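Visitor: Sharing a structure below in structure tokens format, with a few things to ask.
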Amino acid sequence: MSFTLVDVDAQALQYVRERLIRGVWSRWFAERRNLLHLCIGRQQLELEPQHLIYSSALLITSTTHRDAIADVDLLLLGLWRAFNSRQFHTSNPTRGLMDHLLDWRLIHRDEADMLRLAQAAGFAPDATQCCFESAGVNLFSVSHANQPGLTRVC
């Protein structure tokens, strides 16, 4: 198994590199790229077809559902078989702190938003699951292409 890490933050990539070198993974690649620049074509990244794409808040900066769908469509260009995403949930108990005190205004989404985004990106209506981590801040959505009626993964 191999995987590719893509991040604009060189320190984040170095952090992961240091841990992977000590681990069991033998085939991995780190690419320093700006995902938004990849989406709009300012940067290029040649990838083989991917079995899984995991996004930690890739869609958080998109202000509309249409923008978020365009981000995913342009970035992945039909390479996915599965797409996992983490978003901040609308009931995030730290949202007030983030929005007002830290002035860190992120897009928050609920389960219905994530299901609509997955369908608009081409996933079947019953091919997406949503779940939370224990603090209730993060909403995870898992979508699998051509696999409706999934076994519960969350």
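Offset between the sequence shown (1-based) and this note's numbering: plus 1461.
Ideal Cβ placement from N, Cα and C applies to all residues, glycine included.
Treat the numbers as computed from the prediction; the structure is a model and nothing was measured.
(1) Between E1509, Q1504, E1479, which has its C-alpha nearest S1463's C-alpha?
(2) If you drop the 5 nearest sequence neighbours on each side, which residues of the same chain put their C-beta closer than 7 Å to that of I1521?
(3) Under 8 Å, do R1494 and L1481 count as touching if we go by C-beta distance?
(4) Please name the residue in V1598, Y1476, N1599, M1575 whose C-alpha comes closest to that of Q1590.
(5) Mapping DSSP to helix, strand and coil, what is D1564?
(6) Should W1489 and L1466 be called a contact, given that it needs their Cβ atoms to be closer than 8 Å?
Guide: Taking the definition as stated:
(1) E1509
(2) Reliability fails at I1521, whose pLDDT of 43 lies under 50, so the model's placement of it is uncertain and the value that follows must be treated cautiously. Answer for I1521: Q1548, F1549, L1567, I1568, listed in chain order.
(3) no
(4) M1575
(5) coil
(6) yes
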